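Below you'll find the structure, written out as C-alpha cells, and then a few comments.
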Amino acid sequence: MIEIYNTESRRKEVFAPIDAKRVRMYVCGPTVYALAHIGNARPVIVFDALFRLLRHHYGRDHVFYARNVTDVEDKINARAKERGITIRELTEETLRIYREDMLALGNLAPSFEPRVTETIPEIIAMIAALIANGHAYEAEGHVLFSVPSMPSYGSFSGRSTDELLAGARVDVAPYKRSPMDFVLWKPSDAATPGWDSPWGRGRPGWHIECSAMAEKLLGDTFDIHGGGRDLMFPHHENEIAQSVCAHGGAKLSNYWMHNGMLQMGGEKMAKSVGNVVAVRDLLAEWPGEVIRLQMLMTHYRHPLDWTEEGSRTARTILDRWYRAAGHAAPANDMPAAFIAALDDDLNTPEAFAVMHELAAEALKGSTAAASSLKAAGNLLGLLEKTPEEWASWRPAKMALSEADIIARIDARNAARKARNFAEADRLRKELLDAGIVLEDGPAGTTWKPA
RNA sequence: GGCCACGUGGCGGAGUGGUUACGCAACGGUCUGCAAAACCGUGUACCCCGGUUCAAUUCCGGGCGUGGCCUCCA
C-alpha cells in the first residue's frame, strides 16, 4: 500500500488508482531551449523513482507515465535567434541532449513524451471548448481564460482571488476582462511559429499545452500529477482551471506531488538566479549514478543544497554497495522494509538505510543479502552495472593520461618488488597529487579518481 | 507585505510522546611494507521561549532564522 503526500490536501493519503490496470501519471517536462541543469533533473529522478515503484506494485505494463516536451515557447524563439539557428534545430538539439543526460542519470524513458508541436489540434479543440462553455473569450487575436468564471480558482495553490488582484504586479493588457485572466492562445507574426486557428494564426499560451497533452494521453482524470514546487502557481493552478472547466468539472488529477527546490549555496538553483550547474557538466566529473543517489538521499519534498561534498559521499556509498553486491543476481523478492520505506511517500533516505544494512550483511558473506541489495538498488535505478564497469568510470578531464598512470603504477610495482618503499611511496604520492588513488589488491594494483 | 514550507550531532539525513535511525567525516584497534578495503570499538543532536503531559526533539502557541510562491522558473 502506497501512501502519497498530496499537495492539494496537504496530507499523506493512501494511494488508490482509478484503474489498477492503467495507473496514470503526468509530470511537467522541459522547455527545450537550454541545457538541463541539475535542478531540472530533480523531478525527473524523483518521479522516475515513483514510476519504478508503481511498476513494481502494479506491473510494468500497467503504469503509464507522460512527461511533456515543450517545444513551442517564446524563450525558444529568442534563443534560436540569438544563436542564429532555426527553432527546429534548437529544439531538436536540446531535446537530444536532454534525453542523453536523463538516460545517463539512470532514468527510464516515460511511456509518452508528447510534444506541443504534435498536440496543436488538441490544444485548439480544448480552447474552443472553453470558449463554448463560457470559460474563455477572444480579444484582439488572443484567447484568454476567464478566471472569474471559475469560483474555485486559487484554491489549489491556496490563494484568494482578492489577494491575486491585489498582488497583480504585471502590466495588465487592455484586452483582459480581469487582470487575473491568462492567455490560452496568442497571435504570431510572420517570423514567429504559428498555426492556423479559429482565432487566426497563433500559438498556445504557457499552460494549455499540459492540459491538452494530459487529456490526449491520460484522459480527463488521471492518478498522479507531478512537478516542482515552484510550478504550483500559476502553472498548476491554471492547468487545473483549464482542464476542469473544459471537462465539465471533472477533477484533473487525484494526487498532486511537488518536489522541493534544489539549492546552490542556500539559494534556489534557477537560470534566473544564474547559479545553475548543467547536468552535462556534472556528468563529466561524476558517474550519473552518483548524481542520482545524491538526489535521492534527500526526501523529495525537502530542499536540497547541491554540494560537492554530497557527491563525494554518494560516490563513497556506491563504492561500498558495488563491493557488497558483487556479481550477485538480483533477488526475486524485494526486501520488505525497503519497499515499506518507499511506500511511505517515497521515503528514499529510509530505503537507503535498509540498503546499508544489506550491504553490511553482504560484506560479511551473505549472498542472500547481496542479492537483495542488488534487487533493491535496481528498483531505484542503481547498482545496475557490474563492479568492473563501476570501477572503470573515468572523469572527462584528468591531470594524467591513462598511459602515464599505468607507467607510474608499473614503476611503483617494480620499486615495491625491489623493496624500495621510499620510491614506491613517492610514486603513490605523485599520483595522489594528480588526483589518482591507488589500491593494491590481490589481483594487482588498480586506480580510481580521488 | 500576503500565502506556504522547513529549522535534528562536524556534515548529510530519516524518524518518534518515553528505548541505537542510517550514512559520510573523525578517532582508537585488527589487518596491511605503506595506503585502501573489510571488521571491531568510540564520541558529539533534536533553534529559542512558553503551554499541554507522569514524560516533548516529537503535540499546541509565540519568537527568531532559512527557503519557496505571489503570473520567467523543475
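Residue numbers (this note's numbering): 2 to 451.
Backbone N, C-alpha and C fix where the C-beta goes; we use that ideal spot for every residue, glycine too.
From a predicted model like this one, the values you see are computed outputs, not experimental measurements.
R84 counts as exposed, since fewer than 16 other beta carbons sit within 10 angstroms of its beta carbon. Under the DSSP definition of a beta bridge, S254 partners with F223. Around the C-beta of M2, fewer than 16 other C-beta atoms lie within 10 Å, and the residue is accordingly described as exposed.
DSSP links M214 through a beta bridge to no other residue.
Contact between the stretch 217-236 and the stretch 134-144 is absent, with fewer than three C-beta pairs closer than 8 Å. In the structure shown, the three-state DSSP call for H143 is strand. By the Cβ criterion, the stretch 41-58 is in contact with the stretch 217-234, since at least three pairs of Cβ atoms, one from each stretch, lie closer than 8 Å.
The criterion of a C-beta distance shorter than 7 Å is not satisfied by R68 and V15. As computed with DSSP, W394 is found in no beta bridge at all.
If you look at I437, you'll find it in the beta strand (DSSP E) that goes I437 to G442. For L166, no pairing in a beta bridge is given by DSSP. Residue burial is scored here from C-beta neighbours: F65 has at least 16 other C-beta atoms within 10 angstroms and is therefore classed as buried. Taking C-alpha positions only, A81 is separated from S254 by approximately 35 Å.
The beta carbon of L51 is closer than 8 Å to those of M26, I225, G227, M258 and L347 in its chain, skipping five residues each way along the sequence. W186 is bridged by DSSP to V144 and P205. Beta-bridge pairing by DSSP links Q264 to K269 and D306. About 5 Å separates the Cβ atoms of K187 and H143, confirming a contact at the 8 Å cut-off. Residue range I39 to Y59 is occupied by the alpha helix (DSSP H) that includes V47. D334 and T349 have their C-alpha atoms roughly 18 Å apart. By the Cβ test, the stretch 396-403 is not in contact with the stretch 373-381, since fewer than three Cβ pairs between them sit closer than 8 Å.
F65 sits in a strand when the DSSP states are folded into three classes. In the DSSP assignment, the residues bridged to Y6 are K13. By alpha-carbon distance to R293, the top candidate from G30, R11 and A42 is A42.
In the three-state reduction of the DSSP assignment, A354 falls in the helix class. Relative to H208, the option among G30, A444, G261 and I318 whose CA is nearest is G30.
With fewer than 16 other Cβ atoms inside 10 Å of its own Cβ, I86 counts as exposed.
Remark: C-beta atoms of S212 and Q243 approach each other more closely than 7 Å. Residue M103 holds the alpha-carbon nearest to the alpha-carbon of I46 among V148, F113 and M103. A Cβ-Cβ distance of about 7 Å is found for the pair M356 and W322, placing them in contact under the 8 Å criterion.
A137 is bridged by DSSP to F146. With contacts defined as CB atoms closer than 7 Å, S312 and V291 qualify as a contacting pair. Residue range G445 to P450 is occupied by the beta strand (DSSP E) that includes G445, with no alpha helix (DSSP H) assigned at that position. As computed with DSSP, T71 is found in a beta bridge with T32. Under the DSSP assignment, E93 falls in the alpha helix (DSSP H) whose first and last residues are I88 to A105. Distance check between R202 and each of K418, I121, L106 and E4 places I121 closest, using alpha-carbon atoms only. For the pair A332 and L284, the Cα-to-Cα distance works out to about 30 Å.
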